[in-house]
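Comments concern the structure below.
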Amino acid sequence: MTDLGSFTPTLLGVGLLMVLTVAVLRAYKAPHSTAPAVAILRGAAQLAVISLVLSGIITEPLFVALALLVMFTVAATVATRRLGWAWRKLALVGSSMAAGVTLTLAIIFLTGAISLTPRFALAIGGIIIGNAMTVTTLAGRRFSESVIARWEEVEGWLALGATPRQSTLELARGAVYSALIPSTDQTKTTGLVTLPGAFVGAIFGGLSPLEAGRFQMVVLASIMAAGAVTAVLIITFLAPVRVKPAALG
Numbered sequence: 137m138t139d140l141g142s143f144t145p146t147l148l149g150v151g152l153l154m155v156l157t158v159a160v161l162r163a164y165k166a167p168h169s170t171a172p173a174v175a176i177l178r179g180a181a182q183l184a185v186i187s188l189v190l191s192g193i194i195t196e197p198l199f200v201a202l203a204l205l206v207m208f209t210v211a212a213t214v215a216t217r218r219l220g221w222a223w224r225k226l227a228l229v230g231s232s233m234a235a236g237v238t239l240t241l242a243i244i245f246l247t248g249a250i251s252l253t254p255r256f257a258l259a260i261g262g263i264i265i266g267n268a269m270t271v272t273t274l275a276g277r278r279f280s281e282s283v284i285a286r287w288e289e290v291e292g293w294l295a296l297g298a299t300p301r302q303s304t305l306e307l308a309r310g311a312v313y314s315a316l317i318p319s320t321d322q323t324k325t326t327g328l329v330t331l332p333g334a335f336v337g338a339i340f341g342g343l344s345p346l347e348a349g350r351f352q353m354v355v356l357a358s359i360m361a362a363g364a365v366t367a368v369l370i371i372t373f374l375a376p377v378r379v380k381p382a383a384l385g
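Heads up: the sequence shown at position 222 corresponds to 358 in this note's numbering, and the numbers run straight through without jumps.
Here it is, written out as structure tokens:
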């Protein structure tokens with residue numbers, strides 16, 4: 137059993153990092169300066185619970201499927217709240233993310249790129265769902281901000297007879313591109329700037345560096361594919377704008 141005392145340095149380090157984060161944001165008078173610290177505390181609590189839960193279900197396919205369903209539900213809910221809560225929008229976000237995640241996982245496991253086992257399904261499924269959530273938020277917010285900033289241009293196109301979708305087409309394409317920038321940069325700089333968590337975790341889990349690299353490449357390609365499908369679909373749903381959208385909080 138892990139000695140609780142061994143967590144003391146971890147708690148100290150995380151605590152100091154939280155203090156540093158809040159101090160910097162408050163000194164700059166950034167809004168919601170304590171939000172990152174609250175997120176860290178919440179994440180730590182959730183990781184503690186999920187670690188205990190997963191230790192008993194990680195080899196059970198049914199429980200892994202339920203865990204992925206919970207992950208997906210939470211991710212879709214969080215992304216929807218970032219885009220302005222509405223049940224209809226939750227349906228749009230959920231369907232967009234589901235398409236991206238499902239299509240990507242199907243390709244991974246049907247091709248044998250990664251073996252279909254509960255352990256791998258949970259690992260790569262969680263990664264893809266988390267990144268699909270991030271891409272959804274980035275794409276949706278970027279699109280809304282662009283439409284607000286360039287509303288006169290959108291109105292001009294509408295006045296000339298363009299359809300709502302045509303009037304925001306370039307803004308929609310720009311939002312998709314912007315949402316994929318973090319994933320694209322992460323993929324391009326893998327091994328040069330960072331060692332991704334999946335790669336390091338696979339090595340710590342006993343895989344050889346070559347096998348860990350193969351696993352990481354599948355992960356990176358999966359993130360890009362799921363992100364592309366999700367971003368295009370959510371923006372396709374959001375793009376027909378007839379009235380100026382409200383600013384997102």
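Every residue, glycine too, gets a C-beta built ideally from N, C-alpha and C.
Our contact map puts residue i next to residue j with C-beta atoms below 8 Å; I'd like the distance itself, whole angstroms only.
i, j, result
"Thr77", "Pro254", "As shown, the chain starts at 137 and ends at 385. That puts residue 77 outside it, with no answer to give."
"Ile176", "Val160", "About 14 Å separates the two Cβ atoms, so there is no contact after all."
"Val312", "Ala367", "5 Å"
"Leu356", "Thr325", "Not confirmed; about 11 Å, so no contact."
"Ile284", "Pro381", "6 Å"
"Ser142", "Val158", "In fact, because the Cβ distance is near 26 Å, the residues do not count as touching under 8 Å."
"Leu274", "Ala315", "4 Å"
"Met233", "Ala259", "The pair is not a contact, with the Cβ atoms about 18 Å apart (cut-off 8 Å)."
"Thr304", "Ala375", "5 Å"
"Val237", "Ala364", "Wrong, their Cβ atoms sit about 12 Å apart, outside the cutoff."
"Gly262", "Met207", "6 Å"
Using DSSP with H/G/I as helix, E/B as strand and the rest coil, what is residue i?
i, result
"Thr325", "coil"
"Leu296", "coil"
"Pro376", "coil"
"Pro172", "helix"
"Thr250", "Before going further, note that residue 250 is Ile rather than Thr in the sequence given. Coil."
"Ala357", "helix"
"Pro318", "helix"
"Pro167", "coil"
"Gly385", "coil"
"Phe351", "helix"
Where residue i and residue j are concerned, what is the direct C-alpha to C-alpha distance, given to the nearest angstrom?
i, j, result
"Thr272", "Phe373", "12 Å"
"Arg309", "Gln302", "11 Å"
"Ala257", "Ala173", "31 Å"
"Thr240", "Val200", "18 Å"
"Gly220", "Ile265", "20 Å"
"Trp287", "Arg224", "24 Å"
"Glu347", "Ser282", "42 Å"
"Glu306", "Gly292", "14 Å"
"Arg378", "Thr247", "43 Å"
"Ala163", "Val155", "12 Å"
From what residue to what residue does the alpha helix (DSSP H) around residue i run?
i, result
"Leu246", "Trp223 to Thr247"
"Gly276", "Pro254 to Ala285"
"Gly149", "Thr144 to Ala163"
"Thr213", "Pro197 to Arg218"
When we look at the beta-carbon of residue i and count the other beta-carbons within 10 Å, is it buried (16 or more) or exposed?
i, result
"Thr320", "exposed"
"Gly297", "exposed"
"Leu198", "exposed"
"Met137", "The pLDDT assigned to Met137 is 46, lower than 50, so where the model puts this residue is not dependable, and the model offers no usable value."
"Leu147", "exposed"
"Arg278", "buried"
"Ser280", "buried"
"Ala215", "buried"
Looking at the ligand HEM, does it come within less than 6 Å of residue i, judged from the CB to the closest heavy atom?
i, result
"Val271", "Ligands in the displayed structure: none, and consequently the ligand HEM is not present."
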